[in-house]
Structures are given as C-alpha cells and as structure tokens.
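Please read the structure below before turning to the comments.
Number of protein chains: 4
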Amino acid sequence: MIVIMKAKAEEEDVNRVIDTIQSLGLRTQLNLGAERMVVAVIGDISKIGEDNFFRIRAMKGVENTVFVSKPYKLVSKDFKKEQTIIDVEGVKIGGKKIVVFAGPCSVENREQIMEVAEKIKKSGASMIRGGAFKPRTSPKDFQGLGEEGLKLLYEAKEETGLPIVTEIMDARDVELLSEYADVLQVGTRNMQNYTLLKELGKCDKPVLLKRGMWATMAEFLGAAEYIMNGGNEKVILCERGIRTFSDYSRNTLDLSIIPAIKDESHLPIISDPSHGTGRRSLVLPMAKASVACGADGLLIETHPDPDRAISDADQTISLSAFSKLMEDLKQIAKAVGREI
Amino acid sequence: MIVIMKAKAEEEDVNRVIDTIQSLGLRTQLNLGAERMVVAVIGDISKIGEDNFFRIRAMKGVENTVFVSKPYKLVSKDFKKEQTIIDVEGVKIGGKKIVVFAGPCSVENREQIMEVAEKIKKSGASMIRGGAFKPRTSPKDFQGLGEEGLKLLYEAKEETGLPIVTEIMDARDVELLSEYADVLQVGTRNMQNYTLLKELGKCDKPVLLKRGMWATMAEFLGAAEYIMNGGNEKVILCERGIRTFSDYSRNTLDLSIIPAIKDESHLPIISDPSHGTGRRSLVLPMAKASVACGADGLLIETHPDPDRAISDADQTISLSAFSKLMEDLKQIAKAVGREI
Amino acid sequence: MIVIMKAKAEEEDVNRVIDTIQSLGLRTQLNLGAERMVVAVIGDISKIGEDNFFRIRAMKGVENTVFVSKPYKLVSKDFKKEQTIIDVEGVKIGGKKIVVFAGPCSVENREQIMEVAEKIKKSGASMIRGGAFKPRTSPKDFQGLGEEGLKLLYEAKEETGLPIVTEIMDARDVELLSEYADVLQVGTRNMQNYTLLKELGKCDKPVLLKRGMWATMAEFLGAAEYIMNGGNEKVILCERGIRTFSDYSRNTLDLSIIPAIKDESHLPIISDPSHGTGRRSLVLPMAKASVACGADGLLIETHPDPDRAISDADQTISLSAFSKLMEDLKQIAKAVGREI
Amino acid sequence: MIVIMKAKAEEEDVNRVIDTIQSLGLRTQLNLGAERMVVAVIGDISKIGEDNFFRIRAMKGVENTVFVSKPYKLVSKDFKKEQTIIDVEGVKIGGKKIVVFAGPCSVENREQIMEVAEKIKKSGASMIRGGAFKPRTSPKDFQGLGEEGLKLLYEAKEETGLPIVTEIMDARDVELLSEYADVLQVGTRNMQNYTLLKELGKCDKPVLLKRGMWATMAEFLGAAEYIMNGGNEKVILCERGIRTFSDYSRNTLDLSIIPAIKDESHLPIISDPSHGTGRRSLVLPMAKASVACGADGLLIETHPDPDRAISDADQTISLSAFSKLMEDLKQIAKAVGREI
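Protein chains in written order, with the working numbering: chain A, 3 to 342; chain B, 3 to 342; chain C, 3 to 342; chain D, 3 to 342.
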C-alpha cells in the first residue's frame, strides 16, 4: 500500500500515519523526492484489511491510499501460472474446448426438462443448467420445485449424461444440493454473501461464481479468493452483466473483463449473454463475441420459451435457435483456435 | 403492465403476446389509437413476476414493457397512508425526533465499547451500534468477536439504556442475535439475500435494511416488501451510498432518495453518511444535509479511531467530534421542524 | 407518449394532464381498465420535446411518462429499411467488407505519418486516422499540429490512397478541415455539442460520430438524427466505451450496442477498442469480439508507441502488432460471413 | 505520478518506463522496498498529459499508474488559500450570503419574464436566469428566442436590478451574450467543449460551469482550470446531477461534492436541485440539503409552469412555491451560520 499525503500535510500527520502502519506490524519507507510526501508500506500487506485501508485514507493530512499489492493471491497468475482446468465428470472447463451450459431458467416438469436435455445434448451442450431453488424478488413468485426439481435434473442427467449446474442460495443447502448437482452456482446477488461463500469453501463441488452486478474486477476475484481460502480450488468465474446507466439492455455485458481476467488469473471464465443482455435478439451476437474474446464457456438460457405455452411451433424454434447458435459458434471457436 | 409493440409488429406478434398474458390468468386491453399498438394488462399484476416481465419484453414484435403498477404493495403509501413509527424499547423511529445510531464498526473490548456507549449517550445518541459478526472481504480479516461481542454490547446497554443495533449475516443466527440485539441490520451486500430476508420476515425484531449499492428505489422497496410479506412489519430503510463512476468518495450518497421514499412509502428512512462518503471530512456536512432533506435518523460510525492506537488524545477528539456533530444537528433539526 | 397516473390521482389531475397535451396540439386516449389511469397521447409526438416530457412527468398526480414512439425518425429502420452504405473515395462503410481506420492519436511529423500510412496500408487498413486538432484536458498539453498536420495527412493520402479521418472540435473549422479530410470525427465529449452538430448537418462530408461516454442508445441515435435533420445523411456511428464504476479498464466497452443498433437503425456502426479499453493487451481480443458481434468497422490506434522514443525495435513491434491483428481478424470476419 | 510495476515485471520493463519518463524531462526515484517495484516521478508533473499517463500505464510490465499531484493547480487551495468571492454587479458569490439564481428554463415573452423577475426579486432571489439560446436534443424543438430573449432579460434587469445568467453554447456568441448577460453559463453537455472553454478563458465575464453528467471531481476542476488558464479567474462551479443506474430521479444529485470541493478548491460552488432531480417534489428538500452541506448558492427553475397553459392559479402556486422555498431556506441558512 502507498499513502499519498496532502501537499499541506504536517510532519505530525506523517508521523501519525507511520505509527498506525507500524502498529499493524508493517514497515514503512518514505519517498521524499516527490512534490508531496509518499509513504510506502512494506511487509505482509494482507494485514491491512479493507477497513484499515479506508481508515488510513481518512486520517488527517492524507490525500489518498493506493493498493500496490493485490487484495487476492490464490486466484492470481503470480501465484499459479498455468491455466486451471476443472474436470466435471469428464467435462473439462478451462481447456481448448469451449463448454456450453444450457437449459431453462427453472425446472418445471419432467417433460420439459427431458426434452430440453435431449435436444441440447444433440446440439452439443456440455452441461445442463436449471433452477430448483430460485431467487425471486417477491416471496409470492414461483420459488422453484425444490428437491423435486433436483430429482428431475438428475433423471435428465441419467438419460443424457450431461452434468448438472444449479443455483445455491442458502448455506444450509450445500449438502442437499451436492447429492444431485455437479456444479453449484452462486448468483449475482450473493457474490458477497460471505456466509454462503464460507460453506462453499469447505465443500468439494466446483462453484460457478457469477459477478455481482456492482463488483469491480478486484472484488470479483476477491470473492473467488474467499472460496479458495476455504480450501475449494474449483472456482469457475462468470461475467453476467453489470449495472450501468445504459437502458437498452437489462444489464451491460462487460466482455473486456474476459481477456483482463485471462491476464490476471488462472481461473476459467465463462460468459452469460442471456442475463447479460436480457434481450433475445442480442444473445447470439454476444455469444459469438464472448467466444471471440476468449471465454472458456457460455451459459445460455433455453428456458421455457415465453411463446411455448401457446404453440408447439414456437418452442421448436427456440430449441432450434440454440442448435443454430451452436453451429455458428463452431466457426468462431475455430477462428480463435478452439473448438466447441 | 403495458406492452409496447414495435411499429413493424405483425398481427400474429400481437396475438402471441395477448395469448401469453391470458395464459397467466390476466386480461388485456388494446390501445389502437397510438402510432404503435399498445397492450395494457389488466388484473392482479402480481401474477407477472420479474421473469415473465422480461420474457414478454423479449418476444417477437415487442418494443418495450413497462410496469404501471408497483412491484410492491405493503411498503407503499397507497396501502398505508400514515407514517410508520417503530418503537424500540421506547426509542421511536419515524417520529418527530431524529434518531441517531452511533458506535464503532466492530466491538473490540469492554473498555472501548463502554467508553463509546457512555460518551455517545451523553452527546444525545439514541441507540448504540457495533459489529459482532463482520462481513469481511477476506476470510483472513478480523471477523468480529462473535457472541462475546454481543455480550459486551449488552453490558453497554445495561449501563446506558441504549438499545442495540447489530448486523446479521447468517440466516442461522436470527435466534442468537435476537437474544441480545434490539434491531437487526442487513448490510448492503445482503439486500437481496432472500434466504436471510425470509428468516427476518418470520422474526419479530425490527430490521434495519441497508440499500444495496446497486439497487434502484423499486428494488430497495421490494426487499423491504419481502420482509413485510413474511409478517414482520418493522422495517427501517437506510441509504448508505450507491456505486457510480465518481471516485472522490467511496460511494455516492444518493440523498434525493430520502424525500422520494417519503413520497412513496410509509416506512422510516435513515441515512449513513459514514459509509456513504467514506471520508471523515464529509460526514458532518452530509449528516446535516440528510437531516435537512427529511431523514428520520442517522447512522454514525464513531468506530475505533484510526489514530487511537497511538494516542488517547486523538480518540477523545473523535468522540468530541461526535459531540459537536450532535450540537450542529440540533440547529438543522429545528430548522426543519424536528428535534434530535 | 403514455402518461401513467398515480393510484391516488384525482380526476382534476387527469384533466390537467389532458388539457396540457391538447394544448400542444395532440389528442389523448384514456385507458380505463388498468388498476391506475393511463393517458395515451395520439398524433405527431415530435411536438413533445424533452422538456415537455419531463414537465408532464412532474405534474401533480403523474406517476411516470413513457415514450412509445422513438425520439428519432430518420436514423430508424422504420424510416429506411436497407442498411446505409457510405462511400468514402471508394471505401464502402456498412457493406460486407469490414473497414479498419488506423493511425496515430496525433500527427507528429512527416516521417511518423508516412511510415504509419505505408505500413497500415500494407496490413490492409482502409483509411488513415490522425489528430491535427486535439481535445486536451489541459490547455498546456500539445494541441496538435493544426493545419500543418492536415497537410501531412494529405501527403500520406497522396502516397497511399488511404482516405483521411480527423477530428473536428470547432464549428468554425468545418471548411478548413473539409479541404483535407474525407471523414470528420466528432469526439465523445462533443456528442451533444449542438453548435457543432448543426454545422456538420449542413456540410456534405461523412461524419464519424462517437458515442458520448454518458449517452443512452436513444441519445446516441438522437445526436445522429440531429446531423441528418440538417441534411447530411452520411453518419457513421462509433461505440467507444461508456463510463461506469468498473475500474480495471479506462472505459467500459458496451459491445451489445452493436447488434442493438443493427436492429434499430440503418446506419453503419464501428467499434473503437483502443479508447474503449485503454489497455493495450485488451485491444486485440476486443477487436475480435467487435467483429464477431457485427461491427462494420474498427478504429485502431497505432499511435506513436509509448516505447518508441527509446527504441526503434518497439515501434516496429507495434506496427507488427497491428499487422498480426489484421491477420487474426480475417478468420473472425470469415466466420461471420464477412471480409476485412 | 507513481508507476506501479507488475510483480513479474523484468528489469528491462522498468528501464523502459524510466527512459520514457526521463525523455519527458522528468526525474525518477525507485522504491525498492515494496513487494513490487514502484517508480516515482519527480519534477514538473504537468509535462505528463492524460495521454502519456495512459500510455505509460499500457507499457509492458506496468500494473498501474497513479497521479500523486493533482491534474490542476490554479483552482486548488494549495495555490490560493482564501475562498474566492466573485462580485457580479454587487452580488457576491462565495461569501456569507447564499445566492439564489432563479427564473424560467426559456425566456418566452415580455409578460412572462417580467412577472417572474418581479416575483423572484420580491422573494429574495439575487439573480435572474433564463435561456435565450437553448441546447435541444432535437433541432425541431424550440431553440429559444435568441437575441430577442436577451433583450427581454435586459429589460427585466433594468426593472428589477437583478443581474442576468444565461447559457452560452457557441464560442462565436461570447461577444453578443456579453453585451447583455452578467454571467455566462456552460451547460453540462459542454463541460469539456474546449473550443468554448478557450473563448471563455479570454473574456472577462464570470462563468457558471455546470458539471458534466459523466465528470469526476478531478475532471470538473480540470475544466475550471482550463478557463482559468486562459486568464479568466471568475469561475462558479455548479453540481447538477450525474448519470447513474438509479432511475427514480432524472439524474443523481451528488451533493457530497460540495463539501469535497470546499476542501479542495477556493472557487464557489452552487447546486442545481431542479435539473439534479428532475422531479418537482424533490426540489425543496434537496435545496435545503444543498444549503445544509455548504453550497454557496442555488439555481432554481421557476420556469413556465407545466400547468400554466391551462390555469393562472397554478402558475401563482408555482411562484408562491418559490417564495415558500426562500422562506424555508432562511432557517437552514441560519442553522449553518449563513444568510440568504
């Protein structure tokens, strides 16, 4: 950490900063040459948490504080150079092959999930996703089928061999979900639910961690670090759109984070253009863009089509849209030296 | 809900939208006069959840969807006209008196919390706040004293009579925390942790709900609705800064939401200028501004002063800064017809 | 436009809204079926400007106002179905071929610009870009070579045949710049500089309009409409990153707007991954992603390499990096049925 | 400036950074003690512009660059300690008295502007504001009365003695506007229109500079510096809301910037709650909050009331609402040791 003092800071202000840092068991080095005094902190920076960082920033005579070291370590390429490849029942995430997780938003009934599973399998998907426990903005909304939904997913897995990704919302459900699912997904709203992250750090299931819609890259990697610190090294990152002023799409899909994370971390990162745009017409082009800039996988919602309730034809179109998407992606994957 | 069709939408597109809406048990009314077709949805709109809302928006021929009704009801002034006043051991939140919750970020030891409690009581604070279980971005950071911290807070309460506000992070802790605390605080990162909100809906302790740093006003009120739907009507809202591009402060304190919520909801709303700015020099002016625009209370961190480690004098200054703040606020409160 | 009234709106409130709309020469239609009153506005909506829109929103009893019609017309696909192709000295923008505009940030001297022009031409660029008049955050910064810079660009054009794109900042410079340049660029900070847009609407040079870093899609298209309204139909849109809380990149490149604008408008749209990310290592992957999701062109800064001052080797690397980028993009272009 | 190198940066990378900095005429100092190498830049930092700053950040082996010195000087308290007070025909901006600029969005006709001028004068406003040249998102919208509008404002000034604030959009209009107006206003969209700022730097009229809705505090102060660099020291800053995801208000009024600028700069700063919220019911509470946190003045739109077209009664209410606002503000001003 570097502490930049105000031009008008007094000696006493600088001394107070130095004393505070030393009281945390760290050393300091003064930089006298610059126009204003800069105090560099030396030693095990992890002793400075977020609170001390902002507390020192607030001290008299301090202009700004800057992290020189990263607020994470295990997720970093400095710590582990080789790309992490996570093996889920034979499906390798982070390797040459781009992995597609597809399926409905919620598991609704056996017919639905079976048909989806068979068709996406045929189109080339690697895993099936579907919600059994749903985060809903209203307690009156459909909360998912619960364990019944997990059982249906399991049946679909037995039929097709596709491993299962499903969302976990409650730290108390790790055991139950682990019986059925192969990957546990943490939703955007829970990215900094430390109670949940702590439990996931203790289990041995791979975790699909979605970026909080408010999270900087450092916070996103920090949440992954939290899980890894608990002992679970199998974390798959997922960009799913951030919250901005822009209103033509539901979220702003921040694709640049994919190559940025590739520079910074050894963890695999996938993209979710379905939630990232919230508009069906944008899913295909943004899926292509995701693969073009280096995503290790995609999360595609082929959930119960809105038009499905009325006409079978529409549903078929939707699954055939997924099939077309997989065809189109093959060309892009090849163009970047990968396969799908 | 209103569905605005594209200018080039075909009859078939409109019919598909109508069928979808009717399949949800709702009626429709067509607006033919406008340049483009508009489909108004009539009936119990709560049958349309967030997913259906965006699903219909994504349908062929649809330009946009707009909620006409609010995604909440119980929190609304349409539902209950009179301002809600929450009584916490005699402290009334939402009434004429502006309530100040003060205290350290974390409870550290008996001496600290006792001194703080006595001094803030003397300065006119109404409740003591202090963390026993802390949300930390790293599992290596100090996680709080846990139950030991709760006991110390309770001692401070016995000494001073100040009721206790403390943060809850784990749905499994409701019972434990309820033994000691008078108000349970939900942190910004947990605003949409539905597992936690559900448990809080079932308990009878007042809840201090902080705005998610990514949350719109509707989502903020929606989270309060979630708790109220469970049966707990004692929700205190708290603006604590949102995440924007602006970088001179830690967050952007969105004070306009205070009068906006006063227009919209009967729930009390307080302001947290400490987290909202993250800069000590901004706390006093923004505390004044909060009271001037109608806040029912303030949450002020008089947490372990950064300079405290080195000199007792500095700590005293900090508590005297709080004392001065209370003095200054009296004038502002009076100017808006309230007291503190 | 649709005006949504509050649930508690009184008849008098509704009548005041209706009278106001009628006084603007428009008709209204009431929607009585919904839970709350909705007033639809019928007629030539362009009579309602931005001010009236927000003024009506502020009226007593009004909950919200929503534009049903678009705040633009000429740029819209509803107005002109076929994709616009702009011909700049034989270079066609908006057609099958993806157009690459490359060159340095500023024109510095003859050697620099000549070398750049020759090398990018060889690598397959279609146009040369370079600043002669520079927008600088400080008046003390280098303001560009001015007309001397334009002359150097013109020499480079004569040598290589590459048409010229350069930035215009001052409405008084249209004539001067038009003597030398083939496309006039409007920078992000000037996207709503109406004085400038008005002059550009009157000239016959194609305009490269960069998205304001604060602009919604409707505002972006609205600025293009402003130019077209003046009579100049040759507008090329350019996504260059928006301002968000995310801090790992200089701006957040909002690529989803490319397919969204393709849905909405007939104008060509290109991407600027150089400014859009501000990090050299992200330029290549985001250039690929831009082409994958449908961009009609790219703006790539191969400006005076930072390392150039010290070693010629570094500069060569930079131009060879551009050459490699062009090679890589060929594969992506082919994968989406285009060429480069 | 400080350059933070990557942990894995090679000696050659560090040397390249040092050479680049030295080639700009600056010295460097290495900080060897920290976990990663830090290069501090010493000397006249203004030689590093925005481009070099980001160019160095993009160099191989560089993790991050941080400005230690400010990107401005003349506006800073380091440069001039005493608060600047700007005298406009006897009205002192920046002193003990809070200055209120009131008036309609656009000047429409003599009756309107005369009535407004008289009434706001009576209520205690210090200056009259009104648009003669209007920035409009569509060229078809009412563009203002032009010079005729200026003449009407001048008549109102002669009648009431209230000095005039009006917006300038075109650098060519400085002379014309200066004949009539006492303060020239730069709108949010033109905050970084350097052509305009340059002309204003050369004139001797006070400038009311509105914050760009995308601008950081440093950019805002940088724009003021641009004008001051030209020789015009009479700059009044104005917070008017920034663009965020929050959608209940038209913009997010970032009031914390008022005390933050008071810490940083000697220039006066006022608040515009009208544009800052875009909702009439929020104007009064946010005007109070602005004064409470230290604003030197307010800009209040008492423009042609929306309801005015229909009923004289409504208009009267609007001017009486302004009168009530002035009354209420007196109490707040007194509570913070000022007057209005």
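Where is the CB? At the ideal position from N, CA and C, for every residue including glycine. Computed from a predicted model, the values in this text were never measured in an experiment.
Tell me whether the beta-carbon of residue 105 of chain B lies closer than 8 Å to the beta-carbon of residue 132 of chain B. Taking 8 Å as the Cβ cut-off, residue 105 of chain B and residue 132 of chain B qualify as a contacting pair.
Can you say whether residue 27 of chain A is buried or exposed, counting buried as having 16 or more other CB atoms within 10 angstroms of its CB? Around the C-beta of residue 27 of chain A, fewer than 16 other C-beta atoms lie within 10 Å, and the residue is accordingly described as exposed.
Residue 282 of chain D by DSSP, collapsed to three states: which one? DSSP places residue 282 of chain D in helix when its eight states are reduced to three.
Going by beta carbon distance, what residues of the same chain come within less than 7 Å of residue 11 of chain C, once the five residues before and after it are set aside? If the five residues before and after residue 11 of chain C are omitted, its C-beta is found closer than 7 Å to the C-beta atoms of 39, 63, all from its own chain and listed in chain order.
Please identify the residue among D:337, D:304, D:320, D:339 whose C-alpha is closest to the C-alpha of residue 102 of chain D. Ranked by how close their Cα comes to the Cα of residue 102 of chain D, the residues D:337, D:304, D:320, D:339 have D:304 in first place.
Going along the chain, which unbroken runs of the alpha helix (DSSP H) with 4 or more residues stay wholly within the segment 98-167 of chain B? Complete alpha helix (DSSP H) runs here, min 4: 112-125, 149-162.
Start-end ranges of the alpha helix (DSSP H) lying completely within the segment 230-296 of chain B, minimum 4 residues: Within the segment 230-296 of chain B, the complete alpha helix (DSSP H) runs of at least 4 residues are 259-266, 275-279, 282-294.
Three-state secondary structure assigned by DSSP to residue 337 of chain D: Reduced to three states, the DSSP call for residue 337 of chain D is helix.
Taking the DSSP output, what are the residues bridged to residue 90 of chain B? According to DSSP, which records beta bridges pairwise, residue 90 of chain B is partnered with B:93.
Just the chain C side, please: which residues come within less than 9 Å of residue 192 of chain B by C-beta, in chain order? Result: empty, since nearest Cβ-Cβ is about 19 Å, beyond 9 Å.
Would DSSP call residue 7 of chain B helix, strand or coil? In the structure shown, residue 7 of chain B falls within a strand segment according to DSSP collapsed to helix, strand and coil.
Entirely within the segment 178-223 of chain B and at least 4 residues each: give me those alpha helix (DSSP H) ranges in chain order. Here the runs fully enclosed are 196-204.
So, under 8 Å CB-CB, residue 220 of chain C and residue 194 of chain C are touching, yes? Tell me the CB distance rounded to an integer number of Å. With a beta-carbon spacing of about 12 Å, residue 220 of chain C and residue 194 of chain C fall beyond the 8 Å limit used to define contacts.
Spell out whether any CB of chain A is found under 8 Å from the CB atom of residue 234 of chain B. No, residue 234 of chain B does not count as interfacial toward chain A.
Residue 98 of chain D classed as buried or exposed, judged by whether at least 16 other C-beta atoms fall within 10 angstroms: Residue 98 of chain D is exposed by the Cβ-count criterion.
Give the single residue among C:33, C:206, C:182 whose Cα lies nearest to the Cα of residue 233 of chain C. The candidate whose alpha carbon is nearest that of residue 233 of chain C is C:206.
How about residue 248 of chain B and residue 280 of chain B: do their beta carbons lie closer than 8 Å? The answer is no: Cβ separation not under 8 Å.
Nearest chain C C-beta to residue 80 of chain B closer than 8 Å, yes or no? Cβ-Cβ to chain C under 8 Å: yes for residue 80 of chain B.
Where does residue 42 of chain C fall in DSSP's three states? Note: residue 42 of chain C maps to strand in three-state DSSP.
With which residues is residue 299 of chain A paired in a DSSP beta bridge? For residue 299 of chain A, the pairing in a beta bridge is given by DSSP as A:101, A:272.
Using Cβ-Cβ distances below 7 Å, what residues of the segment 119-138 of chain C are close to chain A? Residues passing the 7 Å Cβ filter: none.
Where does residue 184 of chain B land, buried or exposed, given buried means 16+ other C-beta within 10 angstroms? That one is buried.
Is there contact between the segment 292-301 of chain D and the segment 287-301 of chain B, where contact requires at least three CB pairs shorter than 8 Å? By the Cβ criterion, the segment 292-301 of chain D is in contact with the segment 287-301 of chain B, since at least three pairs of Cβ atoms, one from each stretch, lie closer than 8 Å.
Rounded to whole angstroms, what's the CA-CA distance from residue 86 of chain C to residue 336 of chain C? Just pull it up for me. Our two residues, residue 86 of chain C and residue 336 of chain C, have alpha carbons roughly 22 Å apart in a direct line.
What is the residue span of the beta strand (DSSP E) that residue 30 of chain D lies within? Residues 29-33.
Taking the alpha-carbon of residue 191 of chain D as reference, which of D:136, D:284, D:201 has the nearest alpha-carbon? Nearest to residue 191 of chain D by C-alpha distance, out of D:136, D:284, D:201, is D:136.
Tell me the residue span of the beta strand (DSSP E) that contains residue 67 of chain B. 64-68 is the extent of the beta strand (DSSP E) around residue 67 of chain B.
Can you grab the Cα-Cα spacing for the pair residue 75 of chain B / residue 9 of chain C, in whole Å? Counting only the Cα atoms, residue 9 of chain C lies some 12 Å from residue 75 of chain B.
Taking the C-alpha atoms as reference points, what is the distance between residue 325 of chain C and residue 258 of chain A? Those two C-alpha atoms are separated by around 22 Å.
Residue 246 of chain C touches chain B at which residues, Cβ-Cβ below 7 Å? Those are 247, listed as they occur along chain B.
Checking contacts by CB at 8 Å: is residue 106 of chain C closer than that to chain D? The beta carbon of residue 106 of chain C sits no closer than 8 Å to any beta carbon of chain D.
List the residues of chain B that residue 85 of chain D touches, going by C-beta distances under 9 Å, in chain order. Contacts between residue 85 of chain D and chain B, judged by CB atoms closer than 9 Å, are missing: the closest CB pair is about 15 Å apart.
Bridge partners - residue 169 of chain C, DSSP secondary structure assignment: C:187, per the DSSP bridge assignment.
Does any C-beta atom of chain C lie closer than 8 Å to the C-beta of residue 68 of chain B? At least one chain C Cβ lies under 8 Å of residue 68 of chain B.
Any beta carbon from chain A within less than 8 Å of residue 200 of chain B's own beta carbon? With 8 Å as the cut-off, residue 200 of chain B counts as an interface residue toward chain A.
Does residue 23 of chain A have its Cβ less than 8 Å from a Cβ in chain D? No - not a single Cβ of chain D is within 8 Å of the one on residue 23 of chain A.
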